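> Residues in the sequence shown are numbered consecutively from 0, following numbering that gives the first Met the number 0. Ideal Cβ placement from N, Cα and C applies to all residues, glycine included. Just so it is clear, the structure is predicted and the values come from calculations on it, not from any experiment.
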Amino acid sequence: MKELKKVSWRSPSNIALVKYWGKHGNQLPSNPSISFTLDKCYSETSLAISEKDPKDRDIQLKFYFDKKENLAFRIKILSFFEGIAKDFPFLSQYALSIHSTNSFPHSSGIASSASAMSALALCLCDMEAKLKPSKGKSEKDKFLRKASYYARIGSGSASRSLYPVASLWGETDRVKASSDEYAIPFENEIHKSFKKYQNSILIASSAEKKVSSRVGHTLMKTNPFAKARFKQANSNMADMISALRLGDIEKFGIITETEAMTLHALMMCSSPNFILMNPSTIAMINKIKSFRELTKLPVYFTLDAGPNIHLLYPENIKSKVIPFIQSELSEHCENGRVIWDNIGKGPVSIK
Ligand code: PMV
Numbered sequence: 000m001k002e003l004k005k006v007s008w009r010s011p012s013n014i015a016l017v018k019y020w021g022k023h024g025n026q027l028p029s030n031p032s033i034s035f036t037l038d039k040c041y042s043e044t045s046l047a048i049s050e051k052d053p054k055d056r057d058i059q060l061k062f063y064f065d066k067k068e069n070l071a072f073r074i075k076i077l078s079f080f081e082g083i084a085k086d087f088p089f090l091s092q093y094a095l096s097i098h099s100t101n102s103f104p105h106s107s108g109i110a111s112s113a114s115a116m117s118a119l120a121l122c123l124c125d126m127e128a129k130l131k132p133s134k135g136k137s138e139k140d141k142f143l144r145k146a147s148y149y150a151r152i153g154s155g156s157a158s159r160s161l162y163p164v165a166s167l168w169g170e171t172d173r174v175k176a177s178s179d180e181y182a183i184p185f186e187n188e189i190h191k192s193f194k195k196y197q198n199s200i201l202i203a204s205s206a207e208k209k210v211s212s213r214v215g216h217t218l219m220k221t222n223p224f225a226k227a228r229f230k231q232a233n234s235n236m237a238d239m240i241s242a243l244r245l246g247d248i249e250k251f252g253i254i255t256e257t258e259a260m261t262l263h264a265l266m267m268c269s270s271p272n273f274i275l276m277n278p279s280t281i282a283m284i285n286k287i288k289s290f291r292e293l294t295k296l297p298v299y300f301t302l303d304a305g306p307n308i309h310l311l312y313p314e315n316i317k318s319k320v321i322p323f324i325q326s327e328l329s330e331h332c333e334n335g336r337v338i339w340d341n342i343g344k345g346p347v348s349i350k
């Protein structure tokens with residue numbers, strides 16, 4: 000069938016400083032979270048529509064990952080589309096073809112749902128705007144907010160990938176415009192000392208995650224410390240916001256590490272319990288702490304729900320931190336693998 004329209008977006012991954020862990024309702028977070036937007040870890044996704052038999056109301060979808068048809072991803076996307084089809088009538092009116100790739104290796108242990116789902120949500124909102132151009136001037140802010148809303152339904156953390164530098168998702172009394180339904184940009188709120196932060200990702204293992212985040216969020220429903228955790232997250236959020244505003248790198252670092260350790264501790268004390276770090280993760284954490292103590296340099300780590308370390312540090316100490324990573328940390332990484340990322344500018348529409 001003839002291709003009628005096509006849209007393409009590149010959207011980055013993000014790394015949470017205050018973590019989202021636990022949800023309710025339709026992908027609503029149990030506590031607010033805040034993240035830095037990455038630069039070099041991104042997904043590129045295109046969505047093309049072509050004619051189909053108007054009597055056929057089923058969603059017709061072909062999904063290609065790295066140019067190969069991928070049936071497992073197709074099933075996930077189909078269920079996402081079925082949940083939002085009433086908001087995007089074109090999903091059942093046309094035959095859909097989606098192509099997606101990641102800049103980072105598929106098997107790097109780096110979560111790709113944030114970049115993939117945000118790129119897809121941007122394609123959906125863009126396609127809808129192209130099919131039904133609004134009379135008034137379309138506002139970029141509204142467009143991104145809508146994309147963040149639908150990205151959230153695909154994967155909670157994806158809601159935070161829509162904006163440059165930093166994003167905040169979830170209601171907090173510290174930020175008036177905050178919402179559980181979509182993330183908001185936070186770039187203008189943060190001190191200049193954070194704007195060029197580096198994020199070196201130390202790949203302790205590229206194996207697929209032991210536990211999906213879906214399972215992790217569900218375990219919070221029965222975790223005996225859940226109530227205390229949500230209280231702590233709100234208080235960490237308030238402190239993190241003030242550290243980011245004031246440029247207090249030490250406070251930022253302490254909260255960031257506490258958040259990472261808390262996420263892992265929550266998994267260790269859930270039922271069933273899980274250890275998401277491996278011996279390399281622990282060896283690297285110990286070395287990072289010693290290096291910081293010795294040099295007094297503001298080098299702090301965070302972790303996702305897996306063994307890989309995200310090392311966060313300001314650009315102006317790069318020349319001191321890179322040799323440390325190369326000589327002390329990369330030996331603990333799988334095949335010495337490090338992804339040298341930094342804070343990025345957010346998604347872009349691509350040709
Ligand atoms: O977006 P999900 O459902 O994959 O959950 C992400 C959870 C963490 O990455 C561990 C934390 C976060 O806030 O990104």
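Taking S49 as the reference, which of Y41, K5, L296, E68 has the closest Cα?
One-based indexing of the sequence shown puts residue 49 at position 50. With distances taken between Cα atoms, S49 lies closest to K5.
> Check for me: the alpha helix (DSSP H) holding T255 runs from which residue to which?
Here residue 255 corresponds to residue number 256 of the sequence shown, with the count starting at 1. Per DSSP, T255 belongs to the alpha helix (DSSP H) from 248-267.
> Checking the sheet assignment: what are the DSSP bridge partners for S96?
For the purposes of this step, residue 96 is taken as the residue at position 97 of the sequence shown. Answer by DSSP bridge pairing, in chain order: A47, K61.
> What ranges does the beta strand (DSSP E) occupy inside the region 145-209, keeping only unbroken runs of at least 3 residues that lie completely in it?
Look at the region 145-209 and you find these whole runs of beta strand (DSSP E), each 3 residues long or longer: 165-168, 182-184, 197-201.
> Strictly under 8 angstroms for the Cβ-Cβ distance: is C124 near chain B by that measure?
Protein chain content of the structure displayed is limited to a single chain, and chain B is not contained in it.
> Assuming E314 contacts Q197 under a Cβ cut-off of 8 angstroms, what Cβ separation, rounded to an integer in Å, is found between them?
For this step, residue 314 is matched to residue 315 along the sequence shown. For this step, residue 197 is matched to residue 198 along the sequence shown. At roughly 6 angstroms, the Cβ-Cβ gap stays under 8 angstroms, so E314 and Q197 are in contact.
> With distances taken Cα to Cα, identify the nearest neighbour of N101 among N233, S289, E43.
Numbered from 1 along the sequence shown, position 102 holds the residue referred to as residue 101. Nearest option by C-alpha distance: E43.
> Can you tell me the Cα-Cα spacing of T261 and S329, whole angstroms?
Translated into positions along the sequence shown, residue 261 becomes position 262. Translated into positions along the sequence shown, residue 329 becomes position 330. Put simply, the backbone Cα of T261 is about 25 angstroms away from that of S329.
> With S7 as the anchor, note down where its beta strand (DSSP E) starts and where it stops.
Against the sequence shown, residue 7 aligns to sequence position 8. Residues 2-17.
> If I measure Cβ to Cβ from N69 and keep anything under 6 angstroms in the same chain, skipping five residues before and after, which residues do I get?
Your numbering for residue 69 matches position 70 in the sequence shown. Answer for N69: F62, listed in chain order.
> What whole-angstrom Cβ distance do V164 and E180 have, given they're in contact under 8 angstroms?
The residue labelled residue 164 in the question sits at position 165 within the sequence shown. The residue labelled residue 180 in the question sits at position 181 within the sequence shown. About 21 angstroms separates the two Cβ atoms, so there is no contact after all.
> Please classify S158 as buried or exposed, where buried requires at least 16 other C-beta atoms within 10 Å of its C-beta.
Position 159 of the sequence shown, counted from the start, is the residue given in the question as residue 158. Classification for S158: buried.
> Please name the residue in I342, S117, M239, V214 whose C-alpha comes closest to that of K194.
Indexing the sequence shown from 1 puts residue 194 at position 195. Scanning I342, S117, M239, V214 for the CA closest to the CA of K194 turns up I342.
> Touch check for the region 225-240 and the region 250-264: three-plus C-beta pairs under 8 angstroms?
yes
> Report all residues from its chain with a CB closer than 8 angstroms to the CB of L77; omit the five preceding and five following residues, and keep chain order.
Locating residue 77 in the sequence shown gives position 78, counting from the first residue. Result list for L77: I58, L60, in chain order.
> Please work out which residues of its chain come closer than 6 angstroms, Cβ to Cβ, to L168, disregarding the five sequence neighbours upstream and downstream, and give them in chain order.
The residue you call residue 168 lines up with position 169 of the sequence shown. The residue asked about is misnamed: residue 168 is Trp in this sequence, not Leu. Result list for W168: S32, S158, R159, A182, in chain order.
> Just verifying my parser: in three-state terms, what is the DSSP assignment at I83?
By one-based count along the sequence shown, residue 83 stands at place 84. Three-state result, I83: helix.
> Pick helix, strand or coil for N272, following the three-state DSSP scheme.
To locate residue 272, count along the sequence shown from 1; it is residue 273. Looking at N272 - three-state DSSP - the assignment turns out to be coil, as it is neither helix nor strand.
> In whole angstroms, what separates the C-alpha of I263 from that of D55?
On the sequence shown, residue 263 is found 264 positions in, with the first residue counted as 1. On the sequence shown, residue 55 is found 56 positions in, with the first residue counted as 1. For the sequence presented, residue 263 should be read as His rather than Ile. Cα to Cα, H263 sits roughly 47 angstroms from D55.
> Measure how close the beta-carbons of L293 and F300 come, nearest whole angstrom, since I'm counting them as under 8 angstroms.
On the sequence shown, position 294 is the one that residue 293 refers to. On the sequence shown, position 301 is the one that residue 300 refers to. That belief does not hold up - the Cβ atoms of L293 and F300 are roughly 16 angstroms apart, past 8 angstroms.
> Taking the CB atoms as reference points, tell me whether N272 and A203 lie closer together than 8 angstroms.
Position 273 of the sequence shown, counted from the first residue, corresponds to residue 272. Position 204 of the sequence shown, counted from the first residue, corresponds to residue 203. The answer is no: Cβ separation not under 8 angstroms.
> Pull up the DSSP beta-bridge partners for L302, would you.
By one-based count along the sequence shown, residue 302 stands at place 303. Note: L302 sits in a beta bridge opposite I308.
> So what's D52 in DSSP terms, helix, strand or just coil?
Residue mapping note: residue 52 aligns to position 53 of the sequence shown, counting from 1. Three-state DSSP puts D52 in coil, outside helix and strand.
> Decide if M267 is buried, meaning its Cβ has at least 16 other Cβ atoms within 10 Å, or exposed.
As a working note, residue 267 is residue 268 in the sequence shown. Counting Cβ neighbours within 10 Å, M267 comes out exposed, since fewer than 16 surround it.
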